[in-house]
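S.K.: First the structure, then my questions, so here it is.
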Amino acid sequence: MDREHLATLVWSELPAARAVGALKEALGQLRSDLEAPDLVMGGQV
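Under the working numbering, think of the first position of the sequence shown as 1, with each following residue one higher.
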């Protein structure tokens, strides 16, 4: 596998990697929200 082919592979995978990173970040944010249920329920616990 030559360098140009490898670069094309990596470049085509970049958006997917970025999407996975964003998804993990969103899940982490959701988890921290769930650990503070009063924020999720608008303070009505």
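Even for Gly, the Cβ is constructed at its ideal location relative to N, Cα and C.
Note down the Cα distance separating Leu6 from Leu34, rounded to an integer number of angstroms.
M.R.: Answer to the nearest angstrom: the Cα atoms are 41 angstroms apart.
S.K.: What's the gap between the Cα of Ser12 and the Cα of Leu30?
M.R.: Ser12 and Leu30: Cα-Cα distance of roughly 29 angstroms.
S.K.: If I follow the unbroken alpha helix (DSSP H) through Glu4, where does it start and stop?
M.R.: Residues 3-34.
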